[in-house]
Every structure is written in C-alpha cells, then in structure tokens.
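Position one of the sequence shown corresponds to residue -4 (our numbering), numbered consecutively onward.
A quick write-up on the structure given underneath.
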Amino acid sequence: MKDEWIVIEVKIKGEFVDLVSAILAEHGCSGTVVEECKLDTFIVPDDALNLLADYNLKAYFDAVTDPLSFISE
C-alpha cells in the first residue's frame, strides 16, 4: 500500500457523481470518496445521493516521482 497520494477535490452535483468518478478512473484514479457525512448514533444514514445537491468528490491518484513522465509529445 502506498503512503503518498495526490488528492483532487471537486464540487459537483449529485447527478454527476458516477459519471465524474468513471472519467477519473479512466485517467488513473485509484479511488474516490463522496463527501464524508457525519453519522448520528440514532439515525441510519440514507445511501442515496440527492441529485440536485452539491457534493465534494475526492479523487486519489498515486504520487508521482517524475511529473514530466506524464507529458506526451
């Protein structure tokens, strides 16, 4: 498991979370997290996203030792 990551955070509407996650995965994203919600001891959280609400999506990429290696000619 790697100890260093590059994290990109974007704010998007709920209806685009799956689409943006898929696009990021196609570009080498190792994983995504949709806005961590605070849990209440007595209320079970709803798994569904509100399609009209804004969410923070965090995308994790492996840290790069040579950024120039990603530049194509």
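The beta-carbon is built from N, C-alpha and C at its ideal position, and this holds for glycine as well.
Quantities reported herein were computed from a predicted structural model and do not represent experimental measurements.
Counting along the chain, where does the beta strand (DSSP E) carrying residue i start and finish?
{"i": "V2", "result": "0 to 8"}
{"i": "A54", "result": "49 to 57"}
{"i": "V28", "result": "26 to 29"}
Applying the 10 Å Cβ sphere with the 16-neighbour rule, what's the burial state of residue i?
{"i": "A20", "result": "exposed"}
{"i": "A43", "result": "exposed"}
{"i": "A48", "result": "exposed"}
{"i": "A58", "result": "exposed"}
{"i": "A17", "result": "exposed"}
Since residue i is in the alpha helix (DSSP H), which residue starts that stretch and which ends it?
{"i": "V12", "result": "12 to 21"}
Return the CA-CA distance between residue i and residue j, expressed in angstroms with no decimal places.
{"i": "G23", "j": "F37", "result": "38 Å"}
{"i": "K53", "j": "S64", "result": "24 Å"}
{"i": "E(-1)", "j": "I7", "result": "25 Å"}
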